[in-house]
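Asks:
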Amino acid sequence: MNPIKISSFRRTMRLFALIIAEIIVLSLFMFGQTPEAAQAYGGRTPGSVVAFYYPWYDQRDPKVWNRGLMSSLPSPIYDSRDANALRGHMDKARAAGIDAFAVTWNGSTGDWADRFKTMLNSASGGFKLTVHYETTLSDTSVNGTINNLRFIRDNYMSSLNYLRYEGKPVLFFWRPDAVGDMSVWQNIRNQVDPNHEQLWSTDAIDTTPLSVFDGIHLFSAAKWDNNPVGKDQQFRNDVNNYQARTGQRRYWLAGVTPGYDDRKLRSPGEFRDREGGSYYQRSWQAAISSTPDLITISTWNEWYEGSSIEPGEQWGNQYVDMTRQYAQQYKGTLKMFGESSIMKVWSHTDLLVDNGAVPRTWLWGPENFAMYREPYNEGPGGSRIVYYFDKSRMEITRPTTDPNGQWFVTNGLLVREMMRGKIQVGDNPNAEQNKGAANIPVAGDFQNNPNSPTFASMAGVASLAADKRVDNKNGQLVLSTMAANGQVGENAGFTQYNVRYNAYVNETGHNIASPFWDFFQQSGPIWENARVTNANVIDWVFAMGFPISEAYWTTIKVGGKDMKVLVQAFERRIMTFTPDNPDGFKVEMGNVGRQYHLWRYGK
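All residue numbers for the sequence shown refer to the working numbering, where the first residue is 4 and numbers rise by one.
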């Protein structure tokens, strides 16, 4: 397929749409619409940044990299058949804070499909891929469209490298009207994704498609306007109003673009001056101010229309560098977890630890070190994607539920599983796989740590079946000790630390030691709604679960050094108190995510 012909047709339709959009947006402003940012539990879900990507630069075509047709060329030029070039683009985009490419796609076979699959299989470092479904270049029959979308669902969306937002795989559409009106698309959706387990976003000029599609984006990025702030905010308002009217979750995806120039390709052509980067700056500022769910970049590499941001002969790395700056401003971090809802939970406490703003211990860890699709009966298709951090595992089991709910993202009952020796694979208590209790130290070094209790030995005092409840010990000193084999004793020498029980949890029948209870009650800086605020740092039931043991003094090795440490088991975490640690780090959490990963996967 000749990309020049594709671009010409697309431009004609965009220009018509943009004129209509200008009229609509201006009329809406005349009625005094006011900005209204979407709010969510614990703050809005941080957005992802997605750049539109074109895999059509095949040097077998003599029109590719033709200076007579393009306002500029990439530096260096490349061939889209080159897998190394594709990987290089993903790596460079990832370093610039771009989370994913939305790759133009027109069918299950052919060069574009092959290149998409290459990119999907080779993406690394948290970078994701999604499909930009070009309806006008595909089979536009209803059955052909259904078959194509089922192919995308069945062959791509199960990949860990496929883009998800709030637990749902994302799919972009260009010109759905080429297939039919919204009644036709409702039938298509019913055949492909009747429960809205995917997030479909279409290029649109109003909210009409939201009866079928989940989100709207502006591929044009409002480039027809010199100051796109008002346009972006109006679309945000329109989506908010639709949500309020229908009670349905819908998404606003703001677009940014560096400029546009197709005058060498077409006559008379269209031109949006890059202004040396100033327009890209205004475009980003407008998008961010509209509090979008995601931001799209038009484009990474559409050279025929002059909207590329990848390194070019005329501007070098300028736009890649600017993207890095604004992506970090938008998301709060350049880190990628592969899922914005996971980033939301992590950022709440650990973003400020990561950037050095507060001297406190990690709640989750610096980043997720592994991601898997694990069996779980209540997940889509009987599985769910999980994200392993040093100190926990996060998961999204039911992506069709309210993404603003407190339990949309959960963290696993890993301590219970390791002590019981059973892997939970469903909500039913009997849905489990036998593994054997974990003979791994509950805290400190994983190896050469002979004095530490293990999960297996500590299970002897843990409430794992609504048993082993104890009395309320509020105010009593914590003097109990535990040996490596789980044997319990008492040592009055620990009176010097004046650690007492000061909370009792009736749900499991256990007390909470004062250092841990005080830690749970602390207030301080957190990251919420893309800004720093002061509030309670930890929702301890969400993060730790209920206590399933009392607290015990023991000896563990940390970095090869013996330390006196107080340990207490909770459903989701092992809490530790080390009196000799510096302030801010006396109370910590064991690396349960790492320990569980070692137990389950042997690595």
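The beta carbon of each residue, even a glycine, is placed where N, CA and C say it ideally should be.
Just so we're clear, the structure is a prediction, and the values are computed from it rather than from any experiment.
Is R275 near the ligand ATP, going by C-beta to nearest heavy atom under 6 Å?
Replies: In the structure on display, the ligand ATP does not appear, and there are no ligands present to speak of.
Asks: Enumerate in chain order the residues of its own chain whose CB-to-CB distance from R266 is below 8 Å, with the five nearest sequence positions on each side excluded.
Replies: Reading the sequence shown from its first residue, position 263 is the one you call residue 266. For R266, where only same-chain residues beyond five positions count, the Cβ hits under 8 Å are S74, G272, E273 and F274.
Asks: Considering just the uninterrupted stretch of the beta strand (DSSP E) at E591, what are its terminal residues?
Replies: The residue you call residue 591 lines up with position 588 of the sequence shown. Start and end: V590 to M592.
Asks: What are the partner residues of E1, as DSSP defines its beta bridges?
Replies: Outside the shown range of the chain, which is 4 to 606, sits residue 1, and nothing can be said about it.
Asks: On the three-state DSSP scale, how would you describe L601?
Replies: On the sequence shown, position 598 is the one that residue 601 refers to. Correct three-state label for L601: helix.
Asks: State the DSSP-derived secondary structure class of M160, mapped to helix, strand or coil.
Replies: Counted from its first residue, the sequence shown places residue 160 at position 157. M160 falls in the coil class under three-state DSSP.
Asks: Starting from M325, follow the alpha helix (DSSP H) in both directions and report where the run begins and ends.
Replies: Locating residue 325 in the sequence shown gives position 322, counting from the first residue. Per DSSP, M325 belongs to the alpha helix (DSSP H) from Q321 to K334.
Asks: Between the stretch 466-477 and the stretch 511-529, can you find at least three pairs of beta-carbon atoms closer than 8 Å?
Replies: yes
Asks: Could you tell me which residues DSSP pairs with N537 in its beta bridges?
Replies: As a first step, residue 537 must be located in the sequence shown, where it is residue number 534. Answer is P528, bridged to N537.
Asks: Return helix, strand or coil for Q42, following the three-state DSSP convention.
Replies: For the purposes of this step, residue 42 is identified with residue 39 of the sequence shown, where counting begins at 1. Model confidence at Q42 stands at a pLDDT of 33, short of 50, so the residue's coordinates are unreliable; what they give is reported in the following sentence. Correct three-state label for Q42: coil.
Asks: Looking only at its own chain, which residues have a Cβ that is under 6 Å from the Cβ of D430, when we skip the five neighbours before and after it?
Replies: Position 427 of the sequence shown, counting from 1, holds the residue named residue 430. Cβ within range, chain order: E381.
Asks: Quick check on DSSP: helix, strand or coil for F104?
Replies: Counting from one through the sequence shown, the residue named residue 104 turns up at place 101. If DSSP states are grouped into helix, strand and coil, F104 belongs with the strands.
Asks: Should N414 go down as buried or exposed, given a rule of 16 or more other Cβ atoms within 10 Å for buried?
Replies: As a working note, residue 414 is residue 411 in the sequence shown. By the neighbour-count rule (16 or more Cβ atoms within 10 Å), N414 is buried.
Asks: Would DSSP call S483 helix, strand or coil?
Replies: On the sequence shown, position 480 is the one that residue 483 refers to. It is a strand residue.
Asks: Out of Q317, E316 and T302, which has the shortest C-alpha to C-alpha gap to S310?
Replies: The count along the sequence shown starts at 1 and reaches residue 310 at position 307. If we check each option's Cα against that of S310, T302 comes out closest.
Asks: Give, in chain order, every unbroken run of the beta strand (DSSP E) that is at least 3 residues long and sits entirely within the stretch 233-313.
Replies: 254-259 and 297-300
Asks: Could you give the distance in angstroms between the alpha-carbon of F176 and the alpha-carbon of E420?
Replies: Here residue 176 is taken as the residue at index 173 of the sequence shown, counted from 1. Here residue 420 is taken as the residue at index 417 of the sequence shown, counted from 1. In a straight line, the C-alpha of F176 is about 43 Å away from that of E420.
Asks: When we look at the beta-carbon of T536 and count the other beta-carbons within 10 Å, is it buried (16 or more) or exposed?
Replies: Working through the sequence shown from its first residue, we reach residue 536 at position 533. So T536 ends up on the exposed side.
Asks: Could you pull the start and end residues of the beta strand (DSSP E) that A554 belongs to?
Replies: The residue labelled residue 554 in the question sits at position 551 within the sequence shown. Boundaries of the beta strand (DSSP E) harbouring A554: P550 to V561, taken from the DSSP string.
Asks: Label A224 either buried or exposed according to how many other C-beta atoms from any shown protein chain fall within 10 Å of its C-beta, with 16 as the threshold for buried.
Replies: Here residue 224 corresponds to residue number 221 of the sequence shown, with the count starting at 1. Classification for A224: buried.
Asks: Could you have a look at V627 and say whether DSSP puts it in helix, strand or coil?
Replies: For residue 627 there is no data in the structure shown, the boundaries of the chain being 4 and 606.
Asks: Apart from the five residues just before and just after I80, which ones in its own chain have a Cβ nearer than 6 Å to its Cβ?
Replies: By one-based count along the sequence shown, residue 80 stands at place 77. Counting only Cβ-Cβ distances below 6 Å, and skipping sequence neighbours, we find W68.
Asks: Could you check which residue in G218, N229 and D228 has the C-alpha nearest to that of R239?
Replies: Position 236 of the sequence shown, counted from the first residue, corresponds to residue 239. R239 has its Cα closest to that of G218, out of G218, N229 and D228.
Asks: Look at L213 and R167 and say whether their C-beta atoms are less than 7 Å apart.
Replies: Position 210 of the sequence shown, counted from the first residue, corresponds to residue 213. Position 164 of the sequence shown, counted from the first residue, corresponds to residue 167. Not a contact, by the Cβ cut-off of 7 Å.
Asks: What's the gap between the Cα of G113 and the Cα of A434?
Replies: Position 110 of the sequence shown, counted from the first residue, corresponds to residue 113. Position 431 of the sequence shown, counted from the first residue, corresponds to residue 434. Cα-Cα distance, rounded: 43 Å.
Asks: Could you check the C-alpha separation between S526 and Y263 for me, to the nearest Å?
Replies: The sequence position of residue 526 within the sequence shown is 523, counting from 1. The sequence position of residue 263 within the sequence shown is 260, counting from 1. S526 and Y263: Cα-Cα distance of roughly 49 Å.
Asks: Looking at C-beta atoms only, is the number of pairs between the stretch 192-205 and the stretch 228-236 that lie closer than 8 Å three or more?
Replies: no
Asks: Can you tell me whether P585 is buried or exposed? The criterion is at least 16 other CB atoms within 10 Å of its CB, across all chains shown.
Replies: As a first step, residue 585 must be located in the sequence shown, where it is residue number 582. Looking at its Cβ environment, which holds fewer than 16 other Cβ atoms inside 10 Å, P585 is exposed.
Asks: Between V53, P77, M325 and D82, which lies nearest to D61 when the distance is taken from Cα to Cα?
Replies: Stepping through the sequence shown from its first residue, residue 61 is reached at position 58. Per the Cα distances, D82.
Asks: CA-CA distance, G593 and F519?
Replies: Counting from 1 along the sequence shown, the entry for residue 593 is found at position 590. Counting from 1 along the sequence shown, the entry for residue 519 is found at position 516. Straight-line Cα distance between these residues: approximately 13 Å.
Asks: Note down, in chain order, each residue of its chain lying with its Cβ closer than 7 Å to the Cβ of T121, except the 5 sequence neighbours on either side.
Replies: Within the sequence shown, the letter at position 118 stands for residue 121. Within the same chain, T121 has close Cβ partners A86 and L89.
Asks: As a quick exercise: from N150, V173, A290 and M339, pick the residue whose alpha carbon is nearest that of M160.
Replies: Numbered from 1 along the sequence shown, position 157 holds the residue referred to as residue 160. Ranking N150, V173, A290 and M339 by Cα distance to M160 puts V173 first.
Asks: Run through the DSSP bridge pairs and tell me what F458 is partnered with.
Replies: Counting from 1 along the sequence shown, the entry for residue 458 is found at position 455. According to DSSP, F458 bridges with nothing at all.
Asks: According to DSSP, what are the bridge partners of W177?
Replies: Counted from its first residue, the sequence shown places residue 177 at position 174. In the DSSP assignment, W177 is bridged to E137.
Asks: Could you check whether T210 and A181 sit closer than 7 Å to each other, using their CB atoms as the reference points?
Replies: By one-based count along the sequence shown, residue 181 stands at place 178. By one-based count along the sequence shown, residue 210 stands at place 207. No, these two residues do not count as a Cβ contact at 7 Å.
Asks: Give the secondary structure of N477 by DSSP, where H, G and I count as helix, E and B as strand, and everything else as coil.
Replies: Here residue 477 is taken as the residue at index 474 of the sequence shown, counted from 1. The answer is coil: DSSP assigns N477 none of H, G, I, E or B.
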